[in-house]
Structure formats: C-alpha cells, structure tokens
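Down below is the structure, laid out as structure tokens.
In this note's numbering, the protein residues as written are 5 to 427.
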C-alpha cells in the first residue's frame, strides 16, 4: 500500500457544512465509513446502484491514497414494508430477503462493487438497537406510548442540522409518526418511532423478546444499531442517496449523538437521482429500471458501471438510450487503449524520455481530478487523452520494456479505483 502522499489534497463536498472541505480523518491513516445499503424485501433499482457505485469509488480511492478503510454496508431486512410483504411470516420474510440479498451480491459482482467481508442486517442487530433505545429513554430523549417507544426531536439540541431544518416551524402539539417509512420527500414534523410494540394482527410471528418487551426495532434505529455495533459511535464519513436527507439521516444523528453526546460523522456525502428520460423513477409511474433490464438489452456490465460512475455523483444523471450508447463507446475506447498498452508484445523499442513525462502527467491528472470531490468524468477524460498519447509512442516503437512495465503498473493501480479498464 502506498504512503499517503496526496491525501491532503482530497476535497469532499460535505452536506453537513454545505462546503467543499479537505478530508482529514479522525485517526491518521485510517478511515471509518458507513454506506447505506439496500432494503432487501425488494430489488434495488438503477438509482440505488448509482449510490452504491459512488460509495464504491470513494472506498477504492481512499485505499488508492493509502488509507486503511473500515466500512459497513448494511442490509435492512425488518421494517414495515418487509413485514407486510412477508404476510407477517418470519419464514416467508427470510425467503424474500435471502433472494433479494443473493440478487444484490450478483449485481454487485457484475458491476465490480466491492462489498465488505461482513454485511450486517437489521435482524442481527436487535440487541444493539434495544441498548440504544434504553439509553435514549434514560436520557429523556425517548418515551413510551403504550408498547411503542418514540423519540422527541425537540429534546435533542440541533435536530435537523444535516438537512438544515427550520425548527421554529415544529408544532408545539405532539404528533407521533408510527410507520417506518413515509412516501415522498417531506418531513414528519413530530416524534418518530424507535420501537414497535408487538401487535399480533400486524406482526404475526415477526418479533423479538427483549428487555423492552415483545416487539421489533423501528427502521429509524436499525442503522444506528448496525453502525455502533460494528464501527462505534464515531466515524469519518457517512454516505447515502439524496432522499436520505429527508428524515432518515437526521434521525440517525439524533439517535447516535443522543447516546454518545459527541459528533457522529465529520463528513456526509449524498448522491443524486438517476432520471429516466428526464423524469424521476418511481413505482407509481411504472418507470423503474433495474440493472438486469439493461444487461438483457445487450449493454455490458463494464459500460453500465462506466455510465453510472462517470456523471458526478452530486448531479442528476439522465438515462437515455443515446447516453448509454455513448457511454458504451467511451468505455470500449478506454479498454482498447489499455489492452494495446499492456499487452505482452508491448516494449522492446527505444526509450523516449517524453513517455515517462506523459505517464507522470496521466497519474497526476487522474489524482487531481479525483481529489476534487471524486470527479470521475474528468479523470476519465485525462486517461483517454494521455493513453492516446502513450499509444502513439507505442506505434512509433518508442516504449522499451521498462516503460511498458511502468505504464502497466500505473494503469492497473488507477483501475483499482475505476474498475473499467481491465476484465
């Protein structure tokens, strides 16, 4: 692993401050990341995979810079929608979630998304959720209402700081929001649920016997449970899609910081939507697209990865047939150049001094653009230009074995991040 030489140049746009900031980890040389994983009662769509991919690029680039990365990507497998879809049957819930998990791992493999060795699930973190809720009850931030337990945001100073919520508009009258999820990008201005007390007509045999009584943890405490169980209460970077800015991530902050009393994450990153012909994908519109849909139409997994990572993660990406076609052509051009520059027959000519300078310019350009908030598109433009220059030297037989080996080493290292140049 290389020494962290250019890491001090890495700038990330921090949603928490609304600014581009130099990345400085809590502990030198080490980074802790939480990336919101899929809810596995159904299949993630293309927009979800775009989020997983920018998080993958972040993870890989931090390692490229020399950091040791500890990352949690979680599976949400117990929430209202999952219970409803399973018909309140724990056995059926397991079948549904296992099938969705297997499909996610398959697509992650095709798209070269690095999945952590251990992927926690909501259902395996129930005891940790219980302990967090008990701590919140003791702190006076949470309270019981019958068998349910709620969090009172008015008791937590700075609630909504990630979103920039105007708490002056918060109602004085108490409202309780009992469901795990609510449709649409809006705020539920009231108390959010932490614990679903058992209701046989709603839950069937999906429940746990705990110190809080019989029931199950709400979605709002499941991520905090998995995070604190496996990474602790203090991490460097938290990531997700822009939809998580409504409710979800501020709930996570309120739960974890409500227990620890200290800052949970110093940097927050959020990825934008994938549009379909200019419109947001939604089930109600019937325009959801899955990776398998595009792969079945003949698009390669490499081209699909390239398309989803090349547009900047904080900008909307408009999916059209023409855009996919262009992405496929660009990806193929890069792969063909990489193949020509790293084949066994390359080398054996003279050593042109400018070649070494072009190699350095390529690497420096890649790092410069990636250090600017992960600008993958700019990085690929640099690669295309400099690889073309290097290929011209190859055509002129101006690469000796040493230069050819150096090109190969640099391209392989760059592709440890991009995962598009080689099979």
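We put the CB at the ideal spot given by N, CA and C, even for glycine.
Cut-off 8 angstroms between Cβ atoms - residues of its own chain near residue i, not counting five sequence neighbours on either side
| i | result |
| --- | --- |
| residue 316 | 377, 378, 379, 380 and 381 |
| residue 259 | 136, 140, 155, 198, 224, 225 and 228 |
| residue 57 | 115, 117, 309, 312 and 313 |
| residue 298 | 50, 308 and 328 |
C-beta contact flag for residue i and residue j at 8 angstroms
| i | j | result |
| --- | --- | --- |
| residue 154 | residue 196 | yes |
| residue 425 | residue 328 | no |
| residue 251 | residue 192 | yes |
| residue 263 | residue 139 | yes |
| residue 400 | residue 365 | no |
| residue 419 | residue 351 | no |
| residue 423 | residue 309 | yes |
| residue 45 | residue 104 | yes |
| residue 51 | residue 278 | yes |
| residue 83 | residue 184 | yes |
| residue 257 | residue 145 | no |
| residue 210 | residue 28 | no |
| residue 107 | residue 47 | yes |
| residue 1 | residue 335 | Any question about residue 1 goes unanswered here, given that the chain covers just 5 to 427. |
Sequence-distant residues of its chain with Cβ nearer than 7 angstroms to residue i (five each side left out)
| i | result |
| --- | --- |
| residue 199 | 137, 152, 153, 216, 219, 221 and 222 |
| residue 77 | 39, 41, 119, 120 and 123 |
| residue 373 | 379, 382, 383 and 386 |
| residue 158 | 174 |
| residue 180 | 149, 154, 194 and 195 |
| residue 247 | 189 |
| residue 353 | 401, 402, 403 and 404 |
| residue 356 | 397 and 402 |
Limits of the beta strand (DSSP E) - the one that residue i falls within
| i | result |
| --- | --- |
| residue 213 | 212-214 |
| residue 241 | 239-245 |
| residue 221 | 217-221 |
| residue 37 | 34-39 |
| residue 74 | 72-77 |
| residue 197 | 195-201 |
| residue 2 | In the structure as shown, the chain starts at 5 and stops at 427, and residue 2 therefore has no counterpart that could be examined. |
| residue 278 | 278-280 |
Terminal residues of the alpha helix (DSSP H) in which residue i lies
| i | result |
| --- | --- |
| residue 160 | Unbroken run through residue 160: none, as it is neither H nor E. |
| residue 264 | 252-264 |
| residue 52 | 50-68 |
| residue 358 | 357-374 |
| residue 329 | 325-346 |
| residue 319 | Premise fails: residue 319 is in no alpha helix (DSSP H) and is neither H nor E. |
| residue 393 | 380-399 |
| residue 134 | 130-143 |
| residue 292 | Note, residue 292: premise wrong, no alpha helix (DSSP H); not H, not E. |
| residue 108 | 94-114 |
| residue 406 | 405-422 |
| residue 207 | 204-207 |
Buried versus exposed call for residue i [16 or more other C-beta atoms within 10 Å across all chains shown]
| i | result |
| --- | --- |
| residue 394 | buried |
| residue 295 | buried |
| residue 348 | exposed |
| residue 5 | Confidence at residue 5 is low in this model, with a pLDDT of 46, below 50, so the placement of that residue should be treated as unreliable; the coordinate-derived value is given next. The residue is exposed, with fewer than 16 neighbouring Cβ atoms inside 10 Å. |
| residue 226 | buried |
| residue 127 | buried |
| residue 60 | buried |
| residue 35 | buried |
| residue 204 | exposed |
| residue 269 | buried |
| residue 16 | buried |
| residue 142 | exposed |
| residue 19 | buried |
| residue 102 | exposed |
Spatial neighbours of residue i in its chain, beta-carbon cut-off 6 angstroms, leaving aside the 5 residues before and after
| i | result |
| --- | --- |
| residue 241 | 37 and 271 |
| residue 22 | none |
| residue 129 | 229, 230 and 233 |
| residue 189 | 250 |
| residue 11 | Interpretation of residue 11 is limited by its pLDDT of 47, a score under 50 that renders its predicted location unreliable; the figure taken from the coordinates is listed afterwards. Only 69 meet the Cβ criterion. |
| residue 65 | 374 and 421 |
| residue 292 | 49 and 285 |
| residue 73 | 35, 63, 66 and 67 |
| residue 273 | 243 |
| residue 323 | 278 and 280 |
Residues that DSSP places opposite residue i in a beta bridge
| i | result |
| --- | --- |
| residue 152 | 149 |
| residue 310 | Its beta-bridge partners do not exist; DSSP assigns none. |
| residue 185 | BP columns for residue 185 are empty, so no partner. |
| residue 25 | 16 |
| residue 284 | 279 |
| residue 80 | 43 |
| residue 180 | 195 |
| residue 125 | 79 |
| residue 31 | 34 |
8 angstroms Cβ cutoff, residue i in contact with chain E
| i | result |
| --- | --- |
| residue 351 | This model lacks chain E altogether, as it is built from one protein chain only. |
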